[in-house]
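First the structure, in the form of structure tokens, and then the observations on it.
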């Protein structure tokens, strides 16, 4: 009987030591770097989603960026939209990349992107040389109509307040491309002022 309780104590101590080791790695600065990346996608169905984020969104942890980030996609006619949601230092943050063509989201270059905390959309994503002046590409009337259709269909499919505000701002910018033109920035182009 004494041998059995010694084994039980040793087993209990081993379990306690393992639990302390897991807690130490998870709750210290090491956790976000080495543990959260694989742990968050596993437990994402249990983590409450921010307001406006659809139930199909999947969580990932980015230790260098916003931390916990939710991703979801919307299929478009001849394209795909990939959203992200996070909490920044000054509140909720949303991002949107719209991809053209039949490739999956992220399978090519985004045709238009926007972040909720910026006051402009980015068309394309290629690097431009300094000084940033003339955009190295033009959007045809057909491309502009296609972007208007994609953004309008996204607006009809999303109910989040931040998402709809972003989409409305994108529509206004796209409608002014032919009149104002585009100017280069470090990556991609934006509506000329």
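Numbering (the numbering used here), first residue to last: 1167 to 1359. Backbone N, C-alpha and C define an ideal beta-carbon position, used for all residues, glycine too.
- The Cβ atoms of residue 1302 and residue 1355 sit closer than 9 Å to each other.
- Taking all protein chains in view, the Cβ of residue 1249 is crowded by 16 or more other Cβ atoms within 10 Å, so the residue is classified as buried.
- When rounded, the separation of the alpha-carbon atoms in residue 1285 and residue 1177 is 59 Å.
- Here residue 1300 has 1349, 1350 as same chain residues with Cβ atoms under 8 Å from its own Cβ, once five neighbours each way along the sequence are excluded.
- In the three-state reduction of the DSSP assignment, residue 1275 falls in the coil class, being assigned neither a helical nor a strand state.
- Taking all protein chains shown into account, residue 1179 has fewer than 16 neighbouring C-beta atoms within 10 Å of its C-beta and is therefore exposed.
- The beta carbons of residue 1258 and residue 1215 sit no closer together than 9 Å.
- With contacts defined as CB atoms closer than 9 Å, residue 1260 and residue 1339 fail to qualify as a contacting pair.
- In the displayed model, residue 1315 falls within a helix according to three-state DSSP.
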